[in-house]
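S.K.:
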Amino acid sequence: MPNLYMDYHSLGSPLRILRFAQVFFSCTSFSLVASVNMYGNIYGNWSMFTWCFCFAITIIIIVLEITGLCHRVAISWEDFTSAFSMLATLMLFTTSIMYPSIYLRGGCSGHSCACRGAATATSILCFFAYAAEVGLIRAKPGEVSGFLSTVPGLLKILQSYVACLIFSLIPGIPYGGLGGLQWCVAVFSICFIITTLIVFITIGGLLVILSTYLEKVLIGYNILCVAMYITVAIIWPYYNFKDNPNRPDSCQLINGCIWENSLGVTFLIYFNLVAYIVDLVYSSRMNFITG
1 MPNLYMDYHS LGSPLRILRF AQVFFSCTSF SLVASVNMYG NIYGNWSMFT
51 WCFCFAITII IIVLEITGLC HRVAISWEDF TSAFSMLATL MLFTTSIMYP
101 SIYLRGGCSG HSCACRGAAT ATSILCFFAY AAEVGLIRAK PGEVSGFLST
151 VPGLLKILQS YVACLIFSLI PGIPYGGLGG LQWCVAVFSI CFIITTLIVF
201 ITIGGLLVIL STYLEKVLIG YNILCVAMYI TVAIIWPYYN FKDNPNRPDS
251 CQLINGCIWE NSLGVTFLIY FNLVAYIVDL VYSSRMNFIT G
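According to full-length UniProt numbering, the sequence shown is numbered sequentially starting from 1.
#1: In the UniProt domain "MARVEL" (10-145), which residue ranges form an unbroken alpha helix (DSSP H) of at least 4 residues, counting only runs that do not cross its ends?
#2: Report the rounded CA-to-CA distance for V144 versus S47, giving the unit in angstroms.
#3: Tell me the rounded alpha-carbon separation between V274 and A227.
#4: Note down the Cα distance separating V278 from L18, rounded to an integer number of angstroms.
#5: Does DSSP classify T150 as helix, strand or coil?
#6: Hey, how far is the Cα of T67 from the Cα of V151?
#7: According to DSSP, is M1 helix, strand or coil?
#8: With a Cβ-Cβ cutoff of 8 Å, do I170 and I258 count as a contact?
#9: So, helix, strand or coil for residue 317, using DSSP?
#10: Which residue wins for smallest C-alpha separation from Y99, given the options I42, A131, I62?
#11: Measuring only the C-alpha atoms, how far is S13 from S262?
#12: So Q22 and A186 are in contact, right, with Cβ under 8 Å, and what is the actual spacing, rounded?
#13: Take the Cβ of F25 as the centre, count every other Cβ of all protein chains shown within 10 Å, and call the residue buried at 16 or more, exposed below.
#14: Looking only at C-alpha atoms, which of H71, T95, F84 sits nearest to N45?
#15: Since I believe G153 is in contact with T202 (beta carbons under 8 Å), could you give me their beta-carbon distance rounded to a whole number of angstroms?
#16: Answer yes or no: do I235 and G180 have a C-beta to C-beta separation smaller than 8 Å?
#17: I'd like the span of the alpha helix (DSSP H) that includes I234, first residue to last.
#18: Would you mind giving the Cβ-Cβ distance between G204 and I75, rounded to the nearest angstrom? I have them listed as a contact below 8 Å.
#19: Below 8 Å, can you find three or more Cβ-Cβ pairs linking the segment 78-93 to the segment 119-136?
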């Protein structure tokens, strides 16, 4: 059994204080919502999952770092914590907008409403705590650090997450018989798989094997993604809105309107395109030292 040591000296560090704040705010959010049982649909379940997921993983990170067991885990710990903090920031950003838009829509009153409002507030504070961690651990140009703590590495997490949001909106949109839309879905899938694979390879500590060719590979991959997303940015809105440029009146009567989902996918396409362009610019200008 490995010898354990308790690193109490780091308990007062800014990073550790942020993580304790993340635990407190995430725990408070899901406790408030659970106390009034206000999470009974897909949006509420996603919100509860986000708060519980962030709470549990942050607790594990704190325990492993305090006991020193993080140095014995067979992964790149710095890349793992960087990836998680970025992912948690994105998840909480989505949740902090989505939950109140569903559960506080139209106004409310009473104890249940107060709990929902307080949960929203602590969720926003939790988002800021994780965003502050991302800013604190982000590698500066020329620093020796893990790849996922650099801007291109953090952008890889953003690109994968945005792709997941796109996939969540695609079901119900008819694209089976249209070659152009099938190409769009293929682009989403290819870029998501490869980008996510890069993230997992990095966390697994295997990226050092490719370090000799890393910069050229990433630049070439980003060029390919930018080119493919440019085609998608043209094809997707053309096929979806050429016959229906305006929001149909039927969208006011139903949930999960196909037109609104298509518009959401369009917005996310342009957002991811910008992310890949910024990634390409940074990858072309920076030198990374991975370990």
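Yeah, the Cβ is synthetic: ideal placement off N, Cα and C, and Gly gets one too.
M.R.: On the basis of the coordinates in this document:
#1: With a minimum length of 4 residues, the continuous alpha helix (DSSP H) runs that stay inside the UniProt domain "MARVEL" (10-145) are 14-36, 42-67, 77-103, 111-137.
#2: Within the sequence shown, the letter at position 144 stands for residue 144. Within the sequence shown, the letter at position 47 stands for residue 47. Caution is warranted here: a pLDDT of 49 is assigned to V144, below 50, making its placement in the model unreliable, and the coordinate value is therefore given only provisionally. The C-alpha of S47 is placed about 36 Å away from the C-alpha of V144.
#3: What you label residue 274 is simply residue 274 of the sequence shown in a count that begins at 1. What you label residue 227 is simply residue 227 of the sequence shown in a count that begins at 1. Distance between the alpha carbons of V274 and A227 is about 12 Å.
#4: Translated into positions along the sequence shown, residue 278 becomes position 278. Translated into positions along the sequence shown, residue 18 becomes position 18. Cα to Cα, V278 sits roughly 28 Å from L18.
#5: Along the sequence shown, one-based indexing puts residue 150 at 150. Three-state DSSP puts T150 in coil, outside helix and strand.
#6: Counted from its first residue, the sequence shown places residue 67 at position 67. Counted from its first residue, the sequence shown places residue 151 at position 151. When rounded, the distance between both Cα atoms is 29 Å.
#7: Sequence index remark: in the sequence shown, residue 1 carries index 1 (1-based). Any reading at M1 needs caution, since the residue's pLDDT is 47, under 50, leaving its predicted position unreliable; the model's value is listed next. Of the three classes helix, strand and coil, the one that applies to M1 here is coil, per DSSP.
#8: What you label residue 170 is simply residue 170 of the sequence shown in a count that begins at 1. What you label residue 258 is simply residue 258 of the sequence shown in a count that begins at 1. The Cβ-Cβ distance between I170 and I258 does not fall below 8 Å.
#9: This structure gives no information on residue 317, because the portion of the chain shown stretches from 1 to 291.
#10: As a position in the sequence shown, residue 99 is number 99, starting the count at 1. It is I42 whose Cα lies nearest to the Cα of Y99.
#11: Within the sequence shown, numbered from 1, the residue matching residue 13 stands at position 13. Within the sequence shown, numbered from 1, the residue matching residue 262 stands at position 262. Going by the C-alpha atoms only, they are around 45 Å apart.
#12: Residue 22 sits at position 22 when you count from the first residue of the sequence shown. Residue 186 sits at position 186 when you count from the first residue of the sequence shown. The distance from the Cβ of Q22 to that of A186 is about 37 Å, inconsistent with a contact at the 8 Å cut-off.
#13: Residue numbering aside, residue 25 sits at position 25 when the sequence shown is read from its first letter. Buried, because 16 or more other Cβ atoms sit within 10 Å of the Cβ of F25.
#14: On the sequence shown, residue 45 is found 45 positions in, with the first residue counted as 1. For N45, the nearest C-alpha among the options comes from T95.
#15: Taking the first residue of the sequence shown as position 1, residue 202 is located at position 202. Taking the first residue of the sequence shown as position 1, residue 153 is located at position 153. Indeed, because the Cβ distance is near 7 Å, the residues count as touching under 8 Å.
#16: Position 235 of the sequence shown, counted from the first residue, corresponds to residue 235. Position 180 of the sequence shown, counted from the first residue, corresponds to residue 180. Yes, Cβ-Cβ distance for I235 and G180 is below 8 Å.
#17: The residue given as residue 234 occupies position 234 in the sequence shown. Looking at the DSSP string, the run of the alpha helix (DSSP H) that includes I234 is 214-241.
#18: Here residue 204 corresponds to residue number 204 of the sequence shown, with the count starting at 1. Here residue 75 corresponds to residue number 75 of the sequence shown, with the count starting at 1. That pair is a contact at about 6 Å.
#19: Here the segment 78-93 makes contact with the segment 119-136; the two share three or more CB pairs at distances below 8 Å.
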